[in-house]
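Positions in the sequence shown are counted from 1; adding 255 to them yields our numbering.
C-beta: ideal position from N, C-alpha, C; glycine also.
Keep in mind the model is a prediction, meaning the values are calculated, not measured.
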Amino acid sequence: MIQGGWLSGWFRGRGERARLRETAAELYRGVVREARRPCLYARFGVPDTTDGRLEMIMLFAALVMRRLKKEGHGGEALAQELFDLMFADVDRNFREQGVSDISVGKHVKRAVSTFMARTVHVEQALAANEPEALAGTIRRNLRVEQGMDEVAASLVAYDRLLADWPHQRLIEGAVPEQGQRD
Numbered sequence: 256m257i258q259g260g261w262l263s264g265w266f267r268g269r270g271e272r273a274r275l276r277e278t279a280a281e282l283y284r285g286v287v288r289e290a291r292r293p294c295l296y297a298r299f300g301v302p303d304t305t306d307g308r309l310e311m312i313m314l315f316a317a318l319v320m321r322r323l324k325k326e327g328h329g330g331e332a333l334a335q336e337l338f339d340l341m342f343a344d345v346d347r348n349f350r351e352q353g354v355s356d357i358s359v360g361k362h363v364k365r366a367v368s369t370f371m372a373r374t375v376h377v378e379q380a381l382a383a384n385e386p387e388a389l390a391g392t393i394r395r396n397l398r399v400e401q402g403m404d405e406v407a408a409s410l411v412a413y414d415r416l417l418a419d420w421p422h423q424r425l426i427e428g429a430v431p432e433q434g435q436r437d
């Protein structure tokens with residue numbers, strides 16, 4: 256039996272990649288769970304539509320990725336895997352909604368561009384401690400006036416939960432749950 260060598264490194268690399276994907280999948284399930292909290296829709300007024308749900312998923316994912324990137328190279332790799340997984344899901348959802356194969360790529364590209372802009376706005380608002388700027392961004396994106404201050408406050412609170420969340424739990428794929436359930 257050959258010890259080491261390129262082949263064993265190849266298998267080890269594949270195992271690490273699979274673990275990274277599994278961890279990202281756990282994180283994504285947590286992001287979706289938080290983005291689908293009933294209070295966001297029933298009480299705060301986020302439209303319970305494809306666009307409203309996607310907006311919430313993007314915002315919560317941006318927060319989780321923001322926290323992951325503070326974890327160094329391993330966190331950045333996990334954030335990238337989470338990003339890839341999220342947009343594979345976006346692609347799948349567009350196809351399930353009947354978007355043609357020819358135009359799915361354009362829709363996904365637009366969603367990626369939207370996500371990148373959201374990430375910048377979230378980062379700027381949180382860095383400047385300006386939840387009202389975050390609420391304004393959400394209002395513009397969802398074209399809804401009422402309740403977006405509460406949505407922004409919920410996102411700021413979740414960012415604080417993530418900041419205090421143990422490193423080990425995060426890199427194992429666990430994200431905190433906000434206690435507010437409706």
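key: Status (buried if at least 16 other CB within 10 Å, exposed otherwise) for residue 396   = For the purposes of this step, residue 396 is taken as residue 141 along the sequence shown, with counting starting at 1. Around the beta carbon of residue 396, 16 or more other beta carbons sit within 10 angstroms, so the residue counts as buried.
task = Report yes or no: do three or more beta-carbon pairs, one from the stretch 370 to 379 and one from the stretch 388 to 395, lie closer than 8 Å?
result = Because the criterion of three Cβ pairs below 8 Å is met, the stretch 370 to 379 and the stretch 388 to 395 touch.
query = With DSSP run on the structure shown, which of helix, strand or coil describes residue 274?
reply = By 1-based counting over the sequence shown, the position of residue 274 is 19. Residue state, collapsed to three classes: helix.
task = Please say whether residue 417 and residue 319 have beta carbons closer to each other than 8 Å?
result = As a first step, residue 319 must be located in the sequence shown, where it is residue number 64. As a first step, residue 417 must be located in the sequence shown, where it is residue number 162. Yes, the pair counts as a contact, with Cβ atoms nearer than the cut-off.
ask   = What is the rounded straight-line gap between the Cα of residue 274 and the Cα of residue 398?
value = Counting from one through the sequence shown, the residue named residue 274 turns up at place 19. Counting from one through the sequence shown, the residue named residue 398 turns up at place 143. Cα to Cα, the separation comes out at about 39 Å.
task = Please confirm whether residue 314 and residue 377 have their CB atoms less than 8 Å apart.
result = For the purposes of this step, residue 314 is taken as the residue at position 59 of the sequence shown. For the purposes of this step, residue 377 is taken as the residue at position 122 of the sequence shown. In this structure, residue 314 lies near residue 377, with their beta-carbon atoms less than 8 Å apart.
message = Using only the alpha-carbon positions, how far apart do residue 299 and residue 380 sit?
response = As a first step, residue 299 must be located in the sequence shown, where it is residue number 44. As a first step, residue 380 must be located in the sequence shown, where it is residue number 125. Residue 299 and residue 380 have their alpha carbons spaced roughly 20 Å apart.
For residue 304, three-class secondary structure by DSSP = The sequence position of residue 304 within the sequence shown is 49, counting from 1. It is coil, neither helix nor strand.
query = How is the alpha helix (DSSP H) around residue 299 delimited, first residue to last?
reply = In the sequence shown, the residue the question calls residue 299 occupies position 44. Unbroken run through residue 299: none, as it is neither H nor E.
task = Could you say which of 401, 426, 427, 384 lies nearest to residue 412 if we only look at CA atoms?
result = In the sequence shown, the residue the question calls residue 412 occupies position 157. The residue with the shortest Cα to Cα distance from residue 412 is 384.
key: Minimum C-alpha distance to residue 387 - residue among 322, 368, 401, 408   = Walking along the sequence shown from the start, residue 387 turns up at place 132. Minimum Cα-Cα distance from residue 387 among the listed residues 322, 368, 401, 408 corresponds to 408.
key: Cut-off 6 Å between Cβ atoms - residues of its own chain near residue 290, not counting five sequence neighbours on either side   = Walking along the sequence shown from the start, residue 290 turns up at place 35. Closer than 6 Å at the Cβ level, and outside the excluded window around residue 290, lie 311, 312, 315.
inquiry  = Spatial neighbours of residue 344 within its chain, please: C-beta separation below 8 Å, excluding the five flanking residues on both sides.
reply    = As a position in the sequence shown, residue 344 is number 89, starting the count at 1. Listed in chain order, the non-local C-beta contacts of residue 344 below 8 Å within the same chain comprise 283, local neighbours out to five positions each way being set aside.
task = Tell me whether the beta-carbon of residue 304 lies closer than 8 Å to the beta-carbon of residue 426.
result = Here residue 304 corresponds to residue number 49 of the sequence shown, with the count starting at 1. Here residue 426 corresponds to residue number 171 of the sequence shown, with the count starting at 1. No, Cβ-Cβ distance for residue 304 and residue 426 is not below 8 Å.
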